[in-house]
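So for the sequence shown, numbering that gives the first Met the number 0 puts the first residue at 0; every next one is plus one.
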Amino acid sequence: MLNRPSLARYAWISVAAALATIGLKAWAWWVTGSVGLLSDAIESLVNLAAALVALWVLALAGRPPNEAYAHGYSKAEYFSSGFEGAMILLAAGAIIWTAAPRLLTPTSLEQVGVGLAISVLASLVNLAVSLLLLRAARQHRSITLEADARHLMTDVWTSGGVVLGVLLVTLTGWERLDPLIAIAVGANILRTGYLLLRRSALGLLDPSLAGERLDAIHGVLERFRSQGIGFHALRTREAAGRSFVSVHVLVPGDWTVQRGHDLLERIEAEIRSAVPGSSVITHLEPLEDPLSLADEGLDRGTA
């Protein structure tokens with residue numbers, strides 16, 4: 000079973016950052032009148048909603064397994080990333096809806112220097128929190144924290160675009176640049192929301208392990224295979240921060256039950272060590288019996 004420390008403290012940091020940036024960006028919009036800066040403030044409302052949902056989901060995902068949910072609650076993390084993706088799509092629509100009228104009736108900007116300074120400060124807050132959450136997400140394999148971190152980092156880049164737009168309006172005097180860049184920001188946010196929704200949907204389908212984790216499992220099995228032990232029907236899946244591995248182990252039929260059991264314990268321990276946070280199930284079979292190979296397709300729709 001995967002034992003992770005409580006990740007709620009990171010969600011609280013995200014909540015605090017969202018409140019701070021909402022205030023800063025709303026202030027920047029108020030002093031400049033820039034719809035680009037307003038679009039940035041609207042996206043921060045999404046950050047706050049996502050952080051609050053993440054706080055609830057991380058508390059739920061941290062619950063231990065029980066009789067009703069024998070594999071735990073880790074999949075709840077996909078609800079958070081899916082919700083965040085949906086909220087991002089709504090925010091993008093609101094940004095484009097707000098900016099479009101300004102293309103027809105552009106408005107001059109005021110106190111640009113003050114507004115940009117405030118917006119840059121808000122971006123620095125988001126950048127610091129994003130890097131913190133991303134590091135924690137990788138350490139604890141939390142898709143909830145990763146989704147929050149990716150969204151905040153997108154916010155940093157889009158804020159940079161908005162700041163650039165306001166500067167260009169100031170330098171060129173072409174006021175329609177402000178709503179045009181706001182619409183571009185909205186389009187970029189649409190892409191982020193789509194990617195988060197897609198990843199959440201795929202996560203609910205229990206994809207197999209890949210990359211370094213799968214290579215690590217094969218490495219363990221190969222070490223035992225060199226000792227004359229056989230394997231087949233390796234199946235893996237991941238669910239948010241947890242990994243699940245099952246494999247059939249073939250040993251000489253004249254082994255004692257105790258010897259076979261001891262071997263399985265070693266194999267399971269080495270896989271858990273190679274893939275931290277994994278749940279491993281092994282099944283012992285006699286190497287010489289042809290029927291041992293008849294169930295290679297077990298759980299794959301074949302007999």
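Quick reminder that beta carbons are idealized off the backbone N, C-alpha and C, glycines included.
For this session: With DSSP as the reference, label P100 as helix, strand or coil.
Result: In the sequence shown, residue 100 corresponds to position 101, counting from 1. Reduced to three states, the DSSP call for P100 is helix.
Exercise. In its own chain, which residues sit with a C-beta less than 7 Å from the C-beta of L123, not counting the 5 before and 5 after it?
Worked result: Position 124 of the sequence shown, counting from 1, holds the residue named residue 123. Excluding residues within five positions, none has a Cβ falling inside 7 Å.
For this session: Can you give me the start and stop residues for the alpha helix (DSSP H) that G185 sits inside?
Result: By one-based count along the sequence shown, residue 185 stands at place 186. DSSP places G185 in the uninterrupted alpha helix (DSSP H) bounded by L176 to G202.
Problem set entry | Option nearest G202 by Cα separation, candidates S242, A69 and S278 | Within the sequence shown, residue 202 is the residue found at index 203, counting from 1. Per the Cα distances, S242.
Exercise. Which whole-angstrom value is the C-beta distance of V279 and E267, which I expect to be below 8 Å?
Worked result: On the sequence shown, position 280 is the one that residue 279 refers to. On the sequence shown, position 268 is the one that residue 267 refers to. 4 Å between Cβ atoms; contact.
Exercise. Would you report the Cα separation of A50 and P100, rounded to the nearest angstrom?
Worked result: Within the sequence shown, residue 50 is the residue found at index 51, counting from 1. Within the sequence shown, residue 100 is the residue found at index 101, counting from 1. Distance between the alpha carbons of A50 and P100 is about 31 Å.
For this session: Check whether the Cβ atoms of A181 and L37 lie closer than 9 Å to each other.
Result: Within the sequence shown, residue 181 is the residue found at index 182, counting from 1. Within the sequence shown, residue 37 is the residue found at index 38, counting from 1. It is a contact, given that the beta carbons lie within the stated cut-off.
Problem set entry | D177 to H150 span [Cα, whole Å] | Within the sequence shown, residue 177 is the residue found at index 178, counting from 1. Within the sequence shown, residue 150 is the residue found at index 151, counting from 1. D177 and H150 have their C-alpha atoms some 22 Å from each other.
For this session: Keeping to the same chain, check which residues put their C-beta closer than 7 Å to that of A10; ignore five residues upstream and five downstream.
Result: If you number the sequence shown from 1, residue 10 lands on position 11. For A10, where only same-chain residues beyond five positions count, the Cβ hits under 7 Å are A50, A53, L54 and L57.
Exercise. Does the distance from the CB of L6 to the CB of S141 come in under 9 Å?
Worked result: Start at 1 with the first residue of the sequence shown, and residue 6 comes out as number 7. Start at 1 with the first residue of the sequence shown, and residue 141 comes out as number 142. Note that the C-beta distance between L6 and S141 is below 9 Å.
Problem set entry | H260 versus N65: straight-line alpha-carbon distance, rounded | One-based indexing of the sequence shown puts residue 260 at position 261. One-based indexing of the sequence shown puts residue 65 at position 66. CA-CA distance, H260 to N65, rounds to 26 Å.
Problem set entry | Inter-stretch contact (C-beta, 8 Å, three-pair minimum) for the stretch 61-75 and the stretch 184-192 | No, the stretch 61-75 does not touch the stretch 184-192.
For this session: Please state if the CB of E237 and the CB of S199 are separated by a distance shorter than 9 Å.
Result: Translated into positions along the sequence shown, residue 199 becomes position 200. Translated into positions along the sequence shown, residue 237 becomes position 238. Result no, Cβ atoms of S199 and E237 do not sit closer than 9 Å.
For this session: Check the DSSP bridge columns for T235 and list the partner residues they point to.
Result: Reading the sequence shown from its first residue, position 236 is the one you call residue 235. The partner list for T235 (beta bridge, DSSP) reads V244.
Exercise. Are the CB atoms of M152 and S118 nearer to each other than 9 Å?
Worked result: The residue you call residue 152 lines up with position 153 of the sequence shown. The residue you call residue 118 lines up with position 119 of the sequence shown. No, they are not a contact pair.
For this session: Report yes if the C-beta distance between I87 and G192 is below 9 Å; otherwise report no.
Result: Reading the sequence shown from its first residue, position 88 is the one you call residue 87. Reading the sequence shown from its first residue, position 193 is the one you call residue 192. G192 sits close to I87, with the two beta carbons spaced by under 9 Å.
Problem set entry | Bridge partners - L249, DSSP secondary structure assignment | Taking the sequence shown and counting its residues from 1, one reaches residue 249 at position 250. In DSSP, L249 forms a bridge with G229 and E284.
For this session: For Y68, count neighbouring C-beta atoms within 10 Å of its own C-beta (all shown protein chains included) and say buried if the count is 16 or more, exposed if not.
Result: As a first step, residue 68 is located in the sequence shown; it is residue number 69 there, counting from the start. That one is exposed.
Problem set entry | C-alpha gap between L144 and V248, whole angstroms | The residue you call residue 144 lines up with position 145 of the sequence shown. The residue you call residue 248 lines up with position 249 of the sequence shown. Distance between the alpha carbons of L144 and V248: 37 Å.
Exercise. So who's on the other strand from V279, going by DSSP bridges?
Worked result: Position 280 of the sequence shown holds residue 279. Residue pairing by DSSP places V279 opposite V244 in a beta bridge.
For this session: State yes or no: is the C-beta of A121 within less than 9 Å of the C-beta of L47?
Result: Numbered from 1 along the sequence shown, position 122 holds the residue referred to as residue 121. Numbered from 1 along the sequence shown, position 48 holds the residue referred to as residue 47. With a cutoff of 9 Å on beta-carbon distance, A121 and L47 are scored as not near each other.
For this session: For the alpha helix (DSSP H) containing E66, list its first residue and its last residue.
Result: As a working note, residue 66 is residue 67 in the sequence shown. For E66, no alpha helix (DSSP H) run applies, since DSSP gives it neither H nor E.
For this session: Rank S13, I270, D288 and T281 by C-alpha distance to the C-alpha of A135 and give the top, closest one.
Result: For the purposes of this step, residue 135 is identified with residue 136 of the sequence shown, where counting begins at 1. Cα-wise, what sits closest to A135 is S13.
Exercise. Excluding sequence positions up to five away, which residues of its chain have a Cβ less than 8 Å from the Cβ of F230?
Worked result: Looking up residue 230 in the sequence shown gives position 231. Here the set comprises L220, F223, R224, V246, H247, V248 and L249.
Exercise. Which two residues bound the contiguous alpha helix (DSSP H) that contains Y335?
Worked result: Not covered by the structure: residue 335. The range shown for the chain is 0 to 302.
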